[in-house]
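Notes follow the structure.
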Amino acid sequence: MQILDILVTVVTILPTVFSVRIPLPETPCKTGTQRCHANNVEECDPFGNYVPIQACSDTEFCTIDAYDPNTPSQCTEQDCVVEPCLRSSHRAIARAPFMNDMPPTRSPSKNLESRSYISKGAPSVFEHCITAGERRCSGEQVEMCSTENAWVKIESCSDTEECRAEYNDARCQLIVASTLLILRSPTAIPEWCRIGESRCLGNVLQLCEQNSWKPTMCPNPSKCVKRDDVAQCWVEPPFPSVVPELCVPGDRKCDSDAYALQLCGKDGVYHTEKKCTTPGDCKTDRPGQAHCGTGSMDSPKFERHTNSTQCTHGDYACDTHRRFMFVCINGIWQEPIQCHRAGACQAVGPTPEYPKGNMDCIGFPKYLYPDNRVCETVSSCEFMRYMYCSAVSTLFIHFLTFSFLQW
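Mapped onto mature numbering (1 follows the signal peptide of the UniProt record, and there is no 0), the consecutive letters of the sequence shown carry residue numbers -19 to -1, 1 to 388.
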């Protein structure tokens, strides 16, 4: 009985063992499709089996378009005129569809226009790569992975370009001329400087911080300009044409800040008659009549660069210290416009509107009293602040004295 059980067990196991050792048949292929196998070109017959139709030699490679399996395979011969051929039998090379677009380094044979691309030089020194067509940067050169899986140089970047890689692509990109200095020579600016200094280098504004120059590119349409030892990104302001307001001679009105009382002259144009004590002090009584509420100041007298009070309509001028800017309206210099400091009245242009150039204030007064009135000088503002502090301090001392006496 035991012998019978053993025989039944052996009969059951044997089919399983032999089924593992027997190789499964190859999956049937589609009739007419081709492939590279053992460096031979094979084609699928009507029975679904691959059969060899062409054997490639030792100086040929079986190639097929890896991206389009329906493309016929072929034996591609190497051009062995300049250097020895590679001996790579039994090796199938996947030919990328853009292989013919790669720049050849040797003159191609007339009957071998679609051969695999091989660069000059000994193949043994080429660095191996995996994906054909992939690009990378090697210094300032662009390299591409050839169909022989070797990195080859295809482009050298010029002095005004740099190689930039992104994902599997690389290319030479032009460096913007205005940023060429910053990108190409980042170590060319560790020059020592005094904190607070500024200078222009082309359209690059450099400010001295921590005794070293810090560059900042002036955005369009501004340009880096240095005036009175101060560099800044400057935008030329548009100069609207001055259209004088016609009036009835003898009429008075306040200016836009209600700071100056204006009188209409015989030429039918308003001129500044006097300046009120503070901005907003000029009061309008009715059309054609106005007055300064709490008093007025005489108009400041300034020496101009012109020897005559007569001028050409639309002309601009600065005073001797270049703190005030004058505008000529109907042949007469008007009340000056105050710039923010001496030397701030500057010549600008020429511009399309003013071919001979023009004048402008580089900034206007920016110092204010506590009630937002414009200070004439920095010291006057500081005096107001100190005066308030002194008054508070005096009151505080009186308070302490009174408290001490009460105690």
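Backbone N, C-alpha and C define an ideal beta-carbon position, used for all residues, glycine too.
Bridge-paired residues (DSSP) for residue i
| i | result |
| --- | --- |
| Lys204 | Trp215 |
| Phe28 | Bridge partners of Phe28: none, in fact. |
| Gln243 | Lys234, Thr253 |
| Thr197 | Leu186 |
| Arg40 | The sequence given here places Thr at residue 40; Arg does not occur at that position. In the DSSP output, where bridge partners are listed per residue, Thr40 has none listed. |
| Lys264 | His272 |
| Cys10 | DSSP output for Cys10 lists no bridge partner at all. |
| Pro21 | Note on residue identity: the sequence assigns Asn, not Pro, to residue 21. Per DSSP, His18, Ala36. |
| Arg175 | In the DSSP output, where bridge partners are listed per residue, Arg175 has none listed. |
| Arg145 | Arg152 |
| His109 | Ala131 |
| Cys118 | Val123 |
| Thr57 | Phe42 |
| residue 389 | Shown here, the chain extends from -19 to 388; a query on residue 389 therefore has no answer. |
| Cys181 | Leu186 |
| Cys299 | Met306 |
6 Å CB neighbourhood of residue i in its chain, flanking five on each side removed
| i | result |
| --- | --- |
| Trp173 | Asn192 |
| Trp314 | Cys292, Phe307 |
| Gly29 | Pro9, Cys10 |
| Thr197 | Leu186 |
| Gly269 | Asp232 |
| Asp26 | Val32 |
| Pro333 | none |
| residue 453 | Not covered by the structure: residue 453. The range shown for the chain is -19 to 388. |
| Cys138 | Glu121, Cys144, Cys153 |
| Asp262 | Cys273, Gly274, Thr275 |
| Ile210 | Sequence check: residue 210 is Asp here, not Ile. Result list for Asp210: empty, nothing under 6 Å. |
Pick from the options that is closest to residue i, judged by C-alpha positions
| i | options | result |
| --- | --- | --- |
| Lys264 | Pro27, Ser127, Tyr297, Gly274 | Gly274 |
| Met306 | Val229, Ile34, Gln327, Cys292 | Gln327 |
| Ser212 | Asn201, Asp232, Gly231, Gly183 | The question names Ser, but residue 212 is Ala in the sequence shown. The shortest C-alpha separation from Ala212 is found at Gly183. |
| Thr258 | Val123, Leu242, Gly249, Pro333 | Leu242 |
| Pro200 | Ser54, Trp215, Ala151 | Trp215 |
| Thr141 | Arg267, Cys153, Lys234, Gly269 | Cys153 |
| Thr12 | Pro53, Gln315, Lys134 | Pro53 |
| Glu245 | Ala271, Cys342, His18 | Rather than Glu, the amino acid found at residue 245 in this sequence is Cys. Minimum Cα distance to Cys245 is reached at Ala271. |
| Ala248 | Lys234, Val229, Gly261, Lys256 | Ala is not the amino acid found at residue 248; the sequence shown has Asp there. Of the listed residues, the one whose Cα sits closest to Asp248 is Val229. |
| residue 392 | Gln315, Arg16, Asp341 | This structure does not reach residue 392, given that the chain is present from -19 up to 388, and the question cannot be answered. |
| Pro33 | Glu41, Pro27, Glu23 | Glu23 |
| Ile45 | Ile343, Ile318, Cys17 | Cys17 |
| Ala36 | Glu58, Asp26, Ile176 | Glu58 |
| Leu227 | Tyr251, Asp210, Asp209 | Tyr251 |
| Ala323 | Glu316, Val329, Ile343 | Ile343 |
| Glu217 | Ser203, Ser139, Gly295, Gln15 | Ser203 |
| Val329 | Lys256, Thr253, Lys207 | Lys207 |
| Lys256 | Arg175, Asp266, Lys234 | Lys234 |
| Thr253 | Glu316, Ala19, Gln55 | Glu316 |
Contact set for residue i: own chain, Cβ-Cβ below 7 Å, skip 5 residues either direction
| i | result |
| --- | --- |
| His109 | Asn130, Ala131 |
| Asn21 | Pro33, Gln35, Ala36, Cys37, Cys43 |
| Gly177 | Cys189 |
| Leu5 | Confidence at Leu5 is low in this model, with a pLDDT of 44, below 50, so the placement of that residue should be treated as unreliable; the coordinate-derived value is given next. Here the set comprises nothing. |
| Arg175 | Cys189 |
| Asp266 | His272 |
Own chain, CB closer than 8 Å to residue i, minus 5 neighbours either side, in chain order
| i | result |
| --- | --- |
| Glu284 | Low local confidence applies: a pLDDT of 41 at Glu284 is under 50, so the model's placement there is unreliable, with the coordinate-based value given in what follows. If we look at Glu284 and ignore the five residues flanking it on each side, its Cβ neighbours are Asp300, Thr301. |
| Thr293 | Cys309, Gly312 |
| Cys205 | Cys181, Leu182, Gly183, Asn184, Val185, Leu186, Cys199, Ala212, Gln213, Cys214, Trp215 |
| Phe79 | Because the pLDDT at Phe79 is just 36, under 50, the model does not fix this residue reliably, and the point stays unresolved. |
| Glu124 | Arg116, Arg117, Cys118, Trp132, Val133, Lys134, Ile135, Ala151 |
| Tyr297 | Met306, Phe307, Val308, Cys309, Asn339, Met340, Asp341 |
Contact with chain C by residue i, beta-carbon distance below 7 Å
| i | result |
| --- | --- |
| Asp266 | Going by chain labels, chain C is absent from the structure shown, which holds only one protein chain. |
Any non-hydrogen atom of the ligand NAP closer than 6 Å to residue i Cβ
| i | result |
| --- | --- |
| Cys235 | Looking for the ligand NAP in the displayed structure turns up nothing, as the structure carries no ligands at all. |
Counting pairs of beta carbons, one from the segment 296 to 309 and one from the segment 225 to 245, are three or more of them closer than 8 Å? With the cut-off at 8 Å, the segment 296 to 309 and the segment 225 to 245 do not touch.
Mind listing, in chain order, the continuous beta strand (DSSP E) runs of no fewer than 3 residues lying wholly within the segment 308 to 344? Runs of the beta strand (DSSP E) lying entirely within the segment 308 to 344 and spanning at least 3 residues, in chain order: 326 to 329, 339 to 342.
Contact between the segment 112 to 127 and the segment 137 to 154 is defined here as three or more beta-carbon pairs at a separation below 8 Å; is this criterion met? Contact between the segment 112 to 127 and the segment 137 to 154 is present, because at least three Cβ pairs lie under 8 Å.
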